[in-house]
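Q: Could you have a look at this structure, given as structure tokens, before my questions?
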Amino acid sequence: MKTKNIQNQIDITLIKVAEWYKWLHANPALSGMEFKTSEFVIKTLHSFGITDITQHATTGLHAVVDTGRVGKHIAFRAELDALPIDEKTAVDFKSRNSGVMHACGHDFHMAALLGVASVVAENRELLKGKISFVFQPSEEKLPGGAKQMLADGLFQNHKPDLIIAQHVFPDLQAGMVGFREGSYMASGDEIDVIVRGTGGHGALPHLCNDVVLTLAHTLVALQQVRSRFVNQNEAFVLSFGKMEANGANNILPQEAKMEGTMRTLSEEWRAKSKDQIRSIVQNTAKMFGCEGITDIREGYPVLKNHPEYTKKVKALAEQLFGAERVVDLPIRMTTDDFSYFAQQFPAVYYRVGVGHKKESDNYGLHTSQFLPDISALETAIKFPLEILLKLG
Ligand SMILES: [Zn+2]
Ligand SMILES: [Zn+2]
87 MKTKNIQNQI
97 DITLIKVAEW
107 YKWLHANPAL
117 SGMEFKTSEF
127 VIKTLHSFGI
137 TDITQHATTG
147 LHAVVDTGRV
157 GKHIAFRAEL
167 DALPIDEKTA
177 VDFKSRNSGV
187 MHACGHDFHM
197 AALLGVASVV
207 AENRELLKGK
217 ISFVFQPSEE
227 KLPGGAKQML
237 ADGLFQNHKP
247 DLIIAQHVFP
257 DLQAGMVGFR
267 EGSYMASGDE
277 IDVIVRGTGG
287 HGALPHLCND
297 VVLTLAHTLV
307 ALQQVRSRFV
317 NQNEAFVLSF
327 GKMEANGANN
337 ILPQEAKMEG
347 TMRTLSEEWR
357 AKSKDQIRSI
367 VQNTAKMFGC
377 EGITDIREGY
387 PVLKNHPEYT
397 KKVKALAEQL
407 FGAERVVDLP
417 IRMTTDDFSY
427 FAQQFPAVYY
437 RVGVGHKKES
447 DNYGLHTSQF
457 LPDISALETA
467 IKFPLEILLK
477 LG
């Protein structure tokens, strides 16, 4: 009876949710600039009669529905921000802000969460406990909106018993969901290496020191962090994608620089590797008479899913959708600042398949042609509601 009522509500809501998705897709905003997006979310929540909304970290929102009945406090997170990408799709709801695109599916997450909120608002009497809807800014940009919202008082008075995030995944077909217990996504730190020396005439290297050659040696030496220092059972990536040395054919410059990223799945190896990197940079430079400097910008921590809750939530998915629509996910070396929530509260971050049946329609996240199969919105509304009904 309960479920039937809610299923009717979902069917009605789905039409509106698709419209919200299209509006959000057409009006993307960069990290920290989500003013219109935030306004749209507030206006939509108000239209369901949800008015207990507080703002954190400027554009971030925390909406609460208190059923007034004893139960858990379950929170859901959706992200507000888009990416600096020029959209190359042909849809009529294509981005109206040139150079900005919802290429990570955050528009899909927001629309689905608004759909969940609208069904919750209509069915308070069928639910228990407290339900939080967190609309978070700036997931795509350090230091991350999750951290900023927490620092700005989010959950200070309402600690959640469980926080959930769902993220689109084009690798899985629409209708599928994926889970992984424990460490799922990587920590990500930005690493700059700078080598300084005297510089001089390219024809007279014996009179100076060569920062370009030194940096080249440093790049190669740093590969030893993965191959010789980190335990081979650990997932670890160290990549440098930018090098700069502005000399000339016959000029050895005074400075050379490279920029990279380090990804790990263990906070222990993350800390140890940073020390090892600093030591290699400093000592390689010394070998060539130069100075080696390492500048590390702390990124997001490792994202750890609560093992017990992940098991429970996955079992619910198997009951609701059938085991054939539920998969175990491999680890993934990308990052998500949802990890800050997962450090403080039991958390489950799972994947919602948005892959199209036609393989050639599928493009990766963060690409200019990414578009989800929006039939997956039904899964993304149904499943959070099931979690509330069964675990609330
Ligand atoms: Zn992203
Ligand atoms: Zn994302």
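Residue numbers for the sequence shown follow this note's numbering, beginning at 87 and rising by one. Glycine included, every Cβ here is placed at the ideal spot set by N, Cα and C.
1. Output yes or no for whether 8 Å exceeds the beta carbon distance between K214 and G118.
2. If I measure Cβ to Cβ from A198 and keep anything under 6 Å in the same chain, skipping five residues before and after, which residues do I get?
3. Go through its chain and collect everything with a Cβ distance to F427's Cβ below 6 Å, but skip five positions before and after it.
4. What residue range does the beta strand (DSSP E) around K390 cover?
5. Would you say C190 touches ligand 1, meaning its beta carbon is less than 7 Å from a heavy atom?
6. Would A203 and L131 be called neighbours here (beta carbons separated by less than 8 Å)?
7. According to DSSP, which residues form a beta bridge with Y435?
8. For F194, count neighbouring Cβ atoms within 10 angstroms of its own Cβ and tell me buried if that reaches 16, exposed if not.
9. Any idea which residues DSSP pairs Q493 with across the strands?
10. Tell me, please, whether the stretch 320 to 338 touches the stretch 293 to 312 by the rule of three or more beta-carbon pairs shorter than 8 Å.
11. Nearest by alpha-carbon distance to H192: which of L475, R437, L477 is it?
12. From the DSSP output, in three-state form, read off R163 for me.
13. Which word fits F221, buried or exposed, when buried means at least 16 other C-beta atoms lie within 10 angstroms of its C-beta?
14. Here's the rule: buried if 16 or more other CB atoms are within 10 angstroms of the residue's CB, otherwise exposed. What is L293?
15. Given a threshold of 16 other Cβ atoms within 10 Å of its Cβ, counted over all protein chains shown, does P291 qualify as buried or as exposed?
16. Please return the same chain residues whose Cβ sits closer than 7 Å to the Cβ of K101, not counting the five positions on each side in sequence.
17. Along the chain, which unbroken stretches of the alpha helix (DSSP H) at least 4 residues long are found entirely within the stretch 206 to 280?
18. Rounded to a whole number of angstroms, what is the C-alpha to C-alpha distance between D459 and I337?
19. Quick one: give me the first and last residue of the beta strand (DSSP E) that R364 is part of.
20. Give the DSSP bridge partners of G346, in chain order.
21. Check whether the Cβ atoms of L116 and T145 sit closer than 8 Å, and answer yes or no.
22. Tell me the DSSP secondary structure of V488 in three-state form.
A: According to the structure shown:
1. no
2. L463, A466, I467
3. A232, I249, A433
4. 389 to 391
5. yes
6. yes
7. A251
8. buried
9. Lying before the first or after the last residue shown, residue 493 is absent from the chain, which here runs from 87 to 478.
10. yes
11. R437
12. strand
13. buried
14. exposed
15. exposed
16. Looking at the sequence itself, residue 101 is Ile, so the reference to Lys does not match. Around I101: no qualifying Cβ.
17. 231 to 237
18. 54 Å
19. Careful: R364 lies outside any beta strand (DSSP E), inside the alpha helix (DSSP H) at 353 to 373.
20. I277, F326
21. no
22. Not covered by the structure: residue 488. The range shown for the chain is 87 to 478.
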